[in-house]
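A short write-up of the structure that comes next.
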Amino acid sequence: MAASATSLLPEGRDSWSACSVGTLRQLRAASSVDAPFFREHLVAVYAKALDGESLDVDDAAIARAQAALRSLVVVTGVKDEQALEAMCRCLTSPYLAGSACMALSRIASKPGAAASVASATAVCSAHASAAVRCSAVKVWEEVAKCGEVEAVQSIARALDPMLAVTHRDSPHPQEDRDASVRRAAVTAMAELTSESQSRHLDTAIIGVAKLLEHDEPSVRDSAVAALTSIGVTAERAVVDAVAERMEHPREDVRLTARRALELIFPQGHEAAVRAAAARLAHQDAVIRCCALEALLVIADQGQSSAAMAALSALEDSDPEVQALAMQLIQKVSGPRARR
């Protein structure tokens, strides 16, 4: 008859927590009952083993920690905070970051576990190391593929240095100057653009588009790159978000938005053309000029929507608007260009 866990080692919880992994496995093999009991203690022992290793000592320590990570994946439940926290700490080790990313991603794929992984890794967004934040972005990408919207939002926030950690040696102490994190976030966005992973991208568009207004040109460029990826499967939302920034009071933001329309969408893209043309009704002539300058690049020959916008702008009271409208008419007149 199978023995129970408490009869095998009756001294109490402390004695179980003091057991090695090998001892726990032997005791588990001797009992066909109390599976949840053993799983709980295995999680505690594996997590303790991870925290106890000195990972800069030798390859054997690293191997033991990697083995503990693999074992944790098997025994960790949906909401095992101790295990998730131990894995997140492994993201700070250059020796274990890759293994920890894979372990967290595998746990996130378990039914109901994605939200717990997203919450546990959120603390990494404020870590002092850019490498750790990049690792976190990779985990969020995999968690987002499991349908967790919080992970998509975390990736979007990773594009914004204002939401990252404060660096003491930075001339702008509220900004993270390391572009590697933003590049990782852009790459993650690109991986989420397939139809099967696009259901949460609208959530990210608002946050990413807001970065088109950032003071730093490099951040605005990162936002454009991310929106280029998102626009593959959520083009209408991206068009609207970008075109809205063409009305921004700052010239550099308007230029970024105009350039984004030119880069993200192909020439003649009807939604982009109509969004730019809608800005011709703005009360500020500077905005109307910006819209026409965008249309001069994105409109195609023979495109009726662009031609109608140009004809309307010919009646504008501003001479510069009229001049740009004439240039647009000259461009779009004639047959549609072959692409």
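First residue of the sequence shown: 976, per our numbering; consecutive thereafter. Yeah, the Cβ is synthetic: ideal placement off N, Cα and C, and Gly gets one too.
In this model, Ala-1201 and Gln-1302 are separated by some 32 angstroms (Cα to Cα). Distance check between Arg-1254 and each of Ile-1205, His-1244, Ala-1159 and Glu-1222 places Glu-1222 closest, using alpha-carbon atoms only. Unbroken alpha helix (DSSP H) runs of no fewer than 4 residues, entirely contained in the stretch 1091-1141, are found at 1105-1120 and 1124-1133, following chain order. Taking a 10 Å sphere around the C-beta of Glu-1056, we find fewer than 16 other C-beta atoms and assign the residue as exposed. For Ser-1104, the closest alpha carbon among the candidates Ala-1218, Ser-1068 and Leu-1271 is that of Ser-1068. Annotated three-state conformation of Gly-1087 is coil, per DSSP.
For Lys-1306, the enclosing alpha helix (DSSP H) has its first and last residue at 1294-1307. Contact between Val-1156 and Val-1112 holds: CB atoms are separated by about 7 angstroms, below the 8 angstroms threshold.
The three-state reading of DSSP puts Lys-1185 in helix, counting H, G and I together. Setting aside the 5 residues that flank it on each side, Glu-1123 is surrounded in the same chain by Ala-1089, Ala-1090 and Ala-1093, each with a C-beta closer than 7 angstroms to its C-beta; the list follows chain order. Taking the Cα positions, Ala-1212 is about 47 angstroms away from Ala-1038. When secondary structure is reduced to three states using DSSP, Gly-1073 falls in the helix class. C-alpha of Ala-1281 to C-alpha of Leu-1238: approximately 18 angstroms in a straight line. Rounded to the nearest angstrom, the gap between the Cα atoms of Glu-1188 and Val-1214 is 16 angstroms. A distance of 8 angstroms or more separates the beta carbons of Ile-1273 and Leu-1286. Comparing alpha-carbon positions, the option among Thr-1231, Asp-1275 and Ala-1216 lying closest to Ser-1308 turns out to be Asp-1275.
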